[in-house]
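For the protein sequence lines, the chains are A and B, in the order given. Heads up: the first sequence is residues 30 to 233, going by my numbering. Heads up: the second sequence is residues 30 to 233, going by my numbering. Each remark here refers to the structure printed beneath this line.
Protein chains: 2
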Amino acid sequence: MELPSEVLQTAVDQLSTLPGVGKRSALRFALHLLRCTDGEVNALADSVRALKTDLCQCRVCHNLSDLPVCPICSSSKRLRDTVCVVENVQDVMAIEATQQYRGLYHVLGGVISPIDGVGVHDIEIDSLVDRVKNADPDAVNEVILALPTTMEGDTTNYYINKQLSPTGVKVTTLARGVAVGDSLEYADRITLGRSIVGRVPFDA
Amino acid sequence: MELPSEVLQTAVDQLSTLPGVGKRSALRFALHLLRCTDGEVNALADSVRALKTDLCQCRVCHNLSDLPVCPICSSSKRLRDTVCVVENVQDVMAIEATQQYRGLYHVLGGVISPIDGVGVHDIEIDSLVDRVKNADPDAVNEVILALPTTMEGDTTNYYINKQLSPTGVKVTTLARGVAVGDSLEYADRITLGRSIVGRVPFDA
């Protein structure tokens with residue numbers, strides 16, 4: 030589609046770099062922004078720019094944060110002896126949304142994936158091991174591995190477990206099984222198999 | 030969803046003001062932008078800001094333009110005696126994409142809609158009438174009404190036709206009929222009816 034203006038074309042090209050946004054949606058965004066006030070458009074532009082200038086990683090757990098140490102790591106209400114290891118920031122949000130976890134996190138920023146050129150030193154595994162080793166007086170008792178159930182996730186689980194075994198810390202992983210509300214008929218074979226093998230005492 | 034950072038929250042709130050973008054898509058955009066370089070993020074922010082600062086309306090046809098007079102109005106290759114009246118900028122792009130029209134445009138910026146508070150002086154009808162009246166030496170021979178087939182579009186067509194009738198200019202409207210490639214079975218009744226009433230000589 031031929032656009033009547035270079036400025037509009039540039040904006041459409043830029044907006045269509047966003048994930049899942051094609052040229053048509055980008056044009057819709059641009060024409061919407063044209064109808065907004067200068068203040069609204071500047072607020073959007075500033076907020077996008079601030080992502081790169083004002084946002085940092087928590088130096089303890091590597092979650093996104095406005096401060097050098099994130100609110101979860103600096104909270105006195107969280108259990109400091111449990112660390113949940115996740116792949117990325119979205120996973121922290123997903124677990125927080127359950128309101129079932131009171132411990133701390135460690136965001137790896139990826140999983141080991143030789144095919145994508147991600148090795149053990151490209152993600153935050155060394156800092157996790159250091160954190161568990163040097164955790165006195167906040168001794169870490171348990172590391173929960175909450176990585177994806179892919180080959181890369183399993184490899185990362187295996188490597189982390191091996192690195193942590195000298196420290197004697199308890200390493201656990203998320204329960205896998207049939208989802209709440211799912212019918213057995215539609216559960217996939219591997220999940221159903223694991224939920225039988227890993228059956229738990231009936232809790233009335 | 031609780032976000033770990035104020036800066037991220039602001040960006041998500043701002044991005045979710047875009048049409049059709051919810052909080053989840055906005056978060057996806059923000060996390061994508063975090064992985065971009067500073068240069069890429071600044072380019073996006075600048076292009077959005079430029080929409081408000083560098084873009085103007087063509088003073089002849091009211092299409093979006095980088096210059097006071099748009100490339101279509103200033104082109105020597107366009108037929109200056111035909112003006113196609115459309116509701117908005119997207120309609121110009123749609124007609125241009127057909128490559129079937131060599132005349133000029135007039136963008137109304139809306140249609141008459143008393144229920145939305147849009148009266149005859151809120152859209153560019155007066156400037157259209159002036160343009161046709163004062164078009165010497167580029168006399169306008171024909172005005173093509175290409176407005177939507179809604180009650181508002183029909184009202185606007187009627188009003189424009191009435192305003193233009195003293196000038197003696199030829200006023201035409203788009204052909205309505207069964208779409209190319211459509212089967213009659215699935216054409217709506219009104220369209221099919223109009224295509225029978227408005228049948229044209231067979232052109233082998």
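All residues carry an ideal CB built from backbone N, CA and C; glycine is no exception.
The beta carbon of G148 (chain B) sits closer than 8 Å to the beta carbons of I141 from its chain, once the five residues preceding and following it are set aside; these are given in chain order.
Just measuring C-alpha positions, the residue of A:K52, A:T46, A:L47 and A:P97 sitting nearest L32 (chain A) is A:K52. For the beta strand (DSSP E) assignment, the uninterrupted runs of no fewer than 3 residues enclosed by the stretch 92-152 of chain B are, from N- to C-terminal side, 111-115 and 133-136. Taken in chain order, the members of the stretch 53-72 of chain B whose beta-carbon sits within less than 9 Å of a beta-carbon on chain A are S54, L56, R57, F58, A59, L60, H61, L62, L63, C65, T66, D67, E69, V70, N71 and A72.
Residue pairing from DSSP places V172 (chain B) in a beta bridge opposite B:V112 and B:V200. Look at L213 (chain B): its C-beta is not under 8 Å from any C-beta on chain A. Not a single CB atom of chain A sits nearer than 8 Å to the CB of M180 (chain B). Using a Cβ-Cβ cut-off of 7 Å, D95 (chain A) is close to S34, E35 and V36 of chain B, given in chain order.
For R160 (chain B), the enclosing alpha helix (DSSP H) has its first and last residue at I154 to K162. With a contact defined as Cβ atoms closer than 8 Å, V112 (chain A) and L93 (chain A) miss out at about 17 Å. Distance from the CA of C102 (chain B) to the CA of P143 (chain A), rounded to the nearest whole angstrom, comes to 57 Å.
The alpha carbon of C90 (chain B) has as its nearest neighbour, out of B:V158, B:F231, B:V209 and B:A204, the alpha carbon of B:V158. Sequence-distant Cβ neighbours of A216 (chain B) in its own chain, meaning closer than 6 Å and more than five residues away, are V207. Comparing C-alpha distances from D120 (chain B) to each of B:H135, B:Y187, B:I154 and B:I225 shows the shortest one belongs to B:H135. From the beta-carbon of K81 (chain B), the residues of chain A found nearer than 7 Å are D67 and V70.
Excluding the 5 residues flanking it on each side, L84 (chain A) has same chain C-beta neighbours closer than 8 Å at L93, S94 and D95, in chain order. Per the Cβ contact rule, the stretch 190-198 of chain B is not in contact with the stretch 220-232 of chain B (fewer than 3 Cβ pairs under 8 Å). At the C-beta level, L37 (chain B) and F58 (chain B) stay beyond 8 Å of one another. Your pair A74 (chain B) and V77 (chain A) checks out as a contact, with CB atoms roughly 5 Å apart and the cut at 8 Å. For A74 (chain A), the nearest CB of chain B lies under 8 Å from its own CB, placing it at the interface with that chain. Under the criterion of beta carbons closer than 8 Å, R88 (chain A) and R107 (chain A) do not qualify as touching, at roughly 16 Å. Its chain contains R205, G206 and V207 as the residues whose beta carbon lies nearer than 7 Å to that of T220 (chain B), once the 5 sequence neighbours on both sides are disregarded; these appear in chain order. In this structure, L174 (chain A) sits near V114 (chain A), with a CB-CB distance shorter than 8 Å.
Against L137 (chain B), chain A offers no close residue; the least beta-carbon distance is about 15 Å (beta-carbon pairs closer than 8 Å).
What T39 (chain B) touches in chain A, judged by beta-carbon distance under 8 Å, is S76 and A79, going in chain order. What E171 (chain B) touches in chain A, judged by beta-carbon distance under 7 Å, is nothing: the nearest beta carbon there is about 22 Å away. Interface residue (Cβ-Cβ distance to chain A less than 8 Å): C99 (chain B) is classified as such.
Any Cβ of chain B closer than 8 Å to the Cβ of G49 (chain A) would place that residue at the interface, and such an atom is present. Contact between P177 (chain A) and E125 (chain A) does not hold, since their C-beta atoms are separated by about 18 Å, which reaches or exceeds 8 Å.
Sixteen is the threshold: when 16 or more other Cβ atoms of the shown chains lie within 10 Å of the Cβ of T39 (chain B), as they do, the residue is buried.
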